[in-house]
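So the structure is just underneath, and the comments pick up after that.
There are 2 protein chains.
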Amino acid sequence: MEQRLSLITLGVSDVARARAFYEALGWKTRAEPEDDVVFFQSGGMIVALWSREQLAEDSGVEDEGGWGGMTLAHNVRSPQEVDAVMDEARRAGARIAREGAETFWGGYSGLFVDPDGHPWEVAHNPRWTIADDGSTRLPA
Amino acid sequence: MEQRLSLITLGVSDVARARAFYEALGWKTRAEPEDDVVFFQSGGMIVALWSREQLAEDSGVEDEGGWGGMTLAHNVRSPQEVDAVMDEARRAGARIAREGAETFWGGYSGLFVDPDGHPWEVAHNPRWTIADDGSTRLPA
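Here the protein sequences line up with chains C and B, keeping their order.
This note's numbering runs 2 ahead of the 1-based position in the first sequence.
This note's numbering runs 2 ahead of the 1-based position in the second sequence.
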């Protein structure tokens, strides 16, 4: 198994609402308005929105609702950019779980939760490198 | 907010056990044996393993256990490669939720669940392009 992730699918209760949230953050998709799955090309991988009920069935798991032990992160190039993205998320209707602040690991981050309960940390980690194309690298 | 994901953190009950599972799949990390967070460079992003309890607290969410509406996928270049990765996952101790088979969307996929309940679809989608570096692209 190669060491990579190709796709992450976020289960949502209302695809149109979830799509509108990510579009309000500036994300673009080629999905048609009536499509029941929405794909966003996200660097070298894909982020998808799909019915949580169908995703649970397709994934062979029981769904009792709530959070499931996965948190997403969007790394940026400065603490100021963390605050700017957190403001965008607030305007798009996210719940703000943590405002941007210095972290225990020596960086700066905030955390928002999307309309379906999926948490996104917005982080500046001074030890990680973000290339012009947005790809993020651990220290060499 | 740029259209990309930098990091996904998988909350786990035992970091050493989870690390051993991903290492059995062939993944490599530079983490020290005693590190409480394990980072895997995964293409242009990072996959991390961390205590689910600490991750919940850090993410500002309540955790009642179980699945949370996110499913990962690892796309490969042929149906045969799906079956090969599924065999690797079985040998590494994954629960097999679905054996490789043709799918309703015109591809071929199987699904395994890691020791902490995180589902991974292993998929061949003939409409998506996988580059030599593993990056995956939607149709143009």
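Don't be surprised by glycine CBs; every beta carbon is placed ideally from N, CA and C.
Do you know whose CA, among C:E25, C:A58, C:R79, C:A26, lies nearest T131 of chain C's CA? To locate residue 131 of chain C, count along the first sequence from 1; it is residue 129. Closest option to T131 of chain C, Cα to Cα, is C:R79.
### Task
Show which residues of chain B have a CB atom less than 9 Å away from the CB atom of H120 of chain C.
Here the question's residue 120 of chain C lines up with position 118 in the first sequence. Ordered by position in chain B, the residues that pass the 9 Å Cβ test against H120 of chain C are G70, G71, M72.
query: So is Q56 of chain C in contact with chain B if we call contact Cβ pairs under 8 Å?
result: As a position in the first sequence, residue 56 of chain C is number 54, starting the count at 1. For Q56 of chain C, the answer is no, since every Cβ of chain B falls outside 8 Å of its Cβ.
Compile a chain-ordered list of the residues in the region 23-52 of chain B whose CB is closer than 8 Å to at least one CB of chain A. Chain labels in this structure do not include chain A; the protein chains are C and B.
Original post:
For the beta strand (DSSP E) that S61 of chain B lies in, which residues bound it at each end?
Top reply: For the purposes of this step, residue 61 of chain B is taken as residue 59 along the second sequence, with counting starting at 1. That residue, S61 of chain B, is in no beta strand (DSSP E); its alpha helix (DSSP H) goes 54-61.
I want to verify the contact list: residues of chain B whose CB lies under 9 Å from the CB of A18 of chain C, in sequence order.
Against the first sequence, residue 18 of chain C aligns to sequence position 16. Result: empty, since nearest Cβ-Cβ is about 17 Å, beyond 9 Å.
Between L57 of chain C and the rest of its own chain, which residues show a CB-CB distance below 7 Å, the 5 nearest in sequence each way excluded? For the purposes of this step, residue 57 of chain C is taken as the residue at position 55 of the first sequence. Correct list, in chain order: T11, G13.
Measuring alpha carbon to alpha carbon, tell me which residue in C:M3, C:S8, C:Y24, C:E4 is nearest G95 of chain C. Counting from one through the first sequence, the residue named residue 95 of chain C turns up at place 93. When each option's Cα is compared against that of G95 of chain C, the closest is C:Y24.
Per the DSSP calculation, W146 of chain C is bridged to which residue(s)?
Past the edges of chain C, shown from 3 to 142, lies residue 146 of chain C, and the structure says nothing about it.
- Query: Got a sec? Which residues, its chain only, sit under 8 Å from S137 of chain C by beta carbon, not counting five neighbours each side?
  - Reply: In the first sequence, residue 137 of chain C corresponds to position 135, counting from 1. Same-chain partners within the cutoff: G45, G46.
Comparing C-alpha positions only, which one of B:H120, B:I98, B:R139, B:A91 sits nearest to R129 of chain B? As a first step, residue 129 of chain B must be located in the second sequence, where it is residue number 127. The shortest Cα separation from R129 of chain B among B:H120, B:I98, B:R139, B:A91 belongs to B:R139.
- Message: If the cut-off is 8 Å on Cβ atoms, which residues from the region 105-116 of chain C count as contacting chain B, listed in chain order?
- Response: L113, V115
For chain C, is any of its Cβ atoms less than 8 Å away from the one on A75 of chain B? As a position in the second sequence, residue 75 of chain B is number 73, starting the count at 1. With 8 Å as the cut-off, A75 of chain B counts as an interface residue toward chain C.
>> Which residues in chain B have a C-beta closer than 7 Å to the C-beta of G95 of chain C? List them in chain order.
In response: Reading the first sequence from its first residue, position 93 is the one you call residue 95 of chain C. Ordered by position in chain B, no residue passes the 7 Å Cβ test against G95 of chain C, which lies about 13 Å from the chain.
**Prompt:** What residue does the beta strand (DSSP E) around A142 of chain C start on, and which one ends it?
**Reply:** Taking the first sequence and counting its residues from 1, the one referred to as residue 142 of chain C is at position 140. No beta strand (DSSP E) contains A142 of chain C, which DSSP labels as neither H nor E.
**Request:** Look at the Cβ atom of P121 of chain B, then the Cβ atom of S61 of chain C, and state whether they are nearer than 8 Å.
**Result:** Translated into positions along the second sequence, residue 121 of chain B becomes position 119. Translated into positions along the first sequence, residue 61 of chain C becomes position 59. Yes, these two residues count as a Cβ contact at 8 Å.
- Query: Per DSSP, T31 of chain B forms a beta bridge with which residues?
  - Reply: For the purposes of this step, residue 31 of chain B is taken as the residue at position 29 of the second sequence. DSSP output for T31 of chain B lists no bridge partner at all.
Exercise. Can you list, in chain order, the residues of its chain whose CB lies under 7 Å from that of L7 of chain C, leaving out five sequence neighbours each side?
Worked result: The residue you call residue 7 of chain C lines up with position 5 of the first sequence. Only M47 meet the Cβ criterion.
Compare the beta carbon distance of H76 of chain C and V17 of chain C with 8 Å and say whether it is the shorter of the two.
In the first sequence, residue 76 of chain C corresponds to position 74, counting from 1. In the first sequence, residue 17 of chain C corresponds to position 15, counting from 1. No, these two residues do not count as a Cβ contact at 8 Å.
message: Quick test of your reading: Q5 of chain C and W52 of chain B, contact by CB under 8 Å. State the CB separation rounded to the nearest angstrom.
response: Numbered from 1 along the first sequence, position 3 holds the residue referred to as residue 5 of chain C. Numbered from 1 along the second sequence, position 50 holds the residue referred to as residue 52 of chain B. The Cβ separation is near 18 Å, so there is no contact.
Open item on the list: Between G119 of chain B and E66 of chain C, how many whole angstroms is the CB-CB distance? I'm expecting something under 8 Å.
Closed with: Working through the second sequence from its first residue, we reach residue 119 of chain B at position 117. Working through the first sequence from its first residue, we reach residue 66 of chain C at position 64. Actually they are not in contact, since the Cβ atoms of G119 of chain B and E66 of chain C sit about 12 Å apart, beyond 8 Å.
For A99 of chain B and chain C, any beta-carbon pair shorter than 8 Å? For the purposes of this step, residue 99 of chain B is taken as residue 97 along the second sequence, with counting starting at 1. So yes, A99 of chain B belongs to the interface.
| Buried or exposed by the 16-neighbour rule on C-beta atoms within 10 Å, applied to S15 of chain B | Sequence index remark: in the second sequence, residue 15 of chain B carries index 13 (1-based). S15 of chain B comes out exposed.
- Between the Cα of R97 of chain B and those of B:G71, B:F106, B:G112, B:W107, spot the shortest distance and give me the residue it belongs to. The count along the second sequence starts at 1 and reaches residue 97 of chain B at position 95. Nearest option by C-alpha distance: B:G112.
| query | Taking the Cβ atom as the reference point for each residue, do L27 of chain C and M3 of chain B lie within a distance shorter than 8 Å? | reply | For the purposes of this step, residue 27 of chain C is taken as the residue at position 25 of the first sequence. For the purposes of this step, residue 3 of chain B is taken as the residue at position 1 of the second sequence. Yes; because the gap between Cβ atoms is below 8 Å, this pair is in contact.
- Task: Determine which residues share a DSSP beta bridge with M47 of chain C and list them.
- Result: The residue given as residue 47 of chain C occupies position 45 in the first sequence. DSSP lists C:S44 as partners of M47 of chain C.
Give me, in chain order, the residues of the same chain whose beta-carbon lies closer than 7 Å to that of N127 of chain B; leave out the 5 immediate sequence neighbours on both sides. By one-based count along the second sequence, residue 127 of chain B stands at place 125. Excluding residues within five positions, the ones whose Cβ falls inside 7 Å are N77, G109.
**Q.** Under 8 Å by beta carbon: chain B residues contacting E64 of chain C
**A.** To locate residue 64 of chain C, count along the first sequence from 1; it is residue 62. Correct list: G68, W69.
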